[in-house]
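Engineer: Just so we're aligned: the sequence shown equals residues 0 to 123 in the numbering used here.
Here a beta-carbon is modelled for each residue, glycine too, at the ideal position from N, C-alpha and C.
The model shown is predicted, which means the values in this text are computed figures rather than measured ones.
Mind looking over this structure? Questions follow.
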Amino acid sequence: MSAFPNTPRFDDGKAPDALRTIGEVSAAFGIKQHILRYWEEQFPMLKPLKRSGGRRYYRPEDIALLAEINRLVNREGYTIKGARQALNGAEAAQKSVELTPAVVDVLSQLRAIRARLAGALEAA
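So this is what it looks like as structure tokens:
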């Protein structure tokens with residue numbers, strides 16, 4: 000499941016792989032914060048980091064998943080249940096590929112490179 004084409008660009012000076020607050024993510028997607036919290040309840044694979052005081056921090060993979068959920072629910076008209084089933088099917092297909100720590104590291108590096116290239120193309 001690649002959600003990069005649907006992932007919003009953050010122009011806040013942070014690194015592409017930086018953690019984002021729920022306010023930053025909400026503004027980038029144009030979705031209210033309570034909807035994001037509701038989606039956390041409905042999509043068990045969406046688990047942002049929670050720090051003291053319950054403050055949420057979204058990782059790049061959380062943001063990519065939110066982009067996919069947003070696409071399914073708000074653009075393609077899926078119900079929450081249908082979107083959950085679609086994502087579970089995609090997740091099951093991905094689990095068939097063994098993700099060793101080395102593979103995860105390479106994927107992370109490739110995503111960072113892709114983000115830098117996209118930024119350079121937009122600046123050009």
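(1) Output the distance between the C-alpha atoms of A101 and K31, rounded to the nearest integer angstrom.
(2) Could you name the residues that DSSP lists as bridge partners for K31?
(3) Rounded to the nearest angstrom, what separates S51 and I79 at their Cα positions?
(4) Y37 to A119, Cα distance in whole Å?
(5) With a 10 Å radius around its C-beta and 16 neighbouring C-beta atoms as the bar for buried, classify I112 as buried or exposed.
Structural biologist: The short version:
(1) 36 Å
(2) BP columns for K31 are empty, so no partner.
(3) So the alpha carbons of these two residues sit roughly 29 Å apart.
(4) 35 Å
(5) exposed
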